[in-house]
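In what follows, a structure is listed as structure tokens, so that the remarks can point back to it.
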Amino acid sequence: MENIFNKNKIEFLINKVSEITQKEKDQIVKLQAEETEKARLLAEEEKAKKEQELLLKQSVSDQFTPSQNASTNNNLNQTIDPVAEADEFRKNFKEQYGREPSSGEIQMYWLRKQGIVK
Numbered sequence: 001m002e003n004i005f006n007k008n009k010i011e012f013l014i015n016k017v018s019e020i021t022q023k024e025k026d027q028i029v030k031l032q033a034e035e036t037e038k039a040r041l042l043a044e045e046e047k048a049k050k051e052q053e054l055l056l057k058q059s060v061s062d063q064f065t066p067s068q069n070a071s072t073n074n075n076l077n078q079t080i081d082p083v084a085e086a087d088e089f090r091k092n093f094k095e096q097y098g099r100e101p102s103s104g105e106i107q108m109y110w111l112r113k114q115g116i117v118k
């Protein structure tokens, strides 16, 4: 009888240990899943940060790098006052040739300056 009692007690203890071991395994799996999720979220956050920094660098770079449109705008800004430019041409022409330029000469100067005529 004592043998049966001991045998039952041993089986009970083995079952208890198995239950505890399974609970620990489940808990370990759960903790690993949580750690994996945290690592994934951190990686996503880091990736988003890097993308944000890259966009910021590109934005700053674009602000300081003149574009094709900016050079066109600069050309337009330089010729924004054609009257003053024509007056300057007249003055230089008169100094060089001793006479006032004709309207055709002024027009040709402007066309050359714009790159329309060589």
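Using the UniProt record's numbering, read the sequence shown as starting at 1 and increasing by one per residue. C-beta atoms are modelled at their ideal positions from N, C-alpha and C, and glycine is treated no differently.
Take Phe-12 and list the residues in its own chain whose beta-carbon comes closer than 6 Å to its own, dropping the five residues that flank it on each side. Here residue 12 is taken as the residue at index 12 of the sequence shown, counted from 1. For Phe-12, there are no CB contacts under 6 Å within the same chain when 5 residues up- and downstream are skipped.
Which residue marks the beginning of the alpha helix (DSSP H) containing Glu-100, and which one marks its end? On the sequence shown, residue 100 is found 100 positions in, with the first residue counted as 1. Unbroken run through Glu-100: none, as it is neither H nor E.
Nearest-angstrom Cα distance between Ser-59 and Glu-53? Here residue 59 refers to the residue found at position 59 when the sequence shown is read from its first residue. Here residue 53 refers to the residue found at position 53 when the sequence shown is read from its first residue. Distance between the alpha carbons of Ser-59 and Glu-53: 10 Å.
By how many angstroms is the C-alpha of Gln-32 removed from the C-alpha of Lys-7? Walking along the sequence shown from the start, residue 7 turns up at place 7. Walking along the sequence shown from the start, residue 32 turns up at place 32. Straight-line Cα distance between these residues: approximately 37 Å.
Do Ile-116 and Ala-86 count as a contact pair if the criterion is CB distance below 7 Å? The residue given as residue 86 occupies position 86 in the sequence shown. The residue given as residue 116 occupies position 116 in the sequence shown. With contacts defined by Cβ atoms closer than 7 Å, Ala-86 and Ile-116 do not form a contacting pair.
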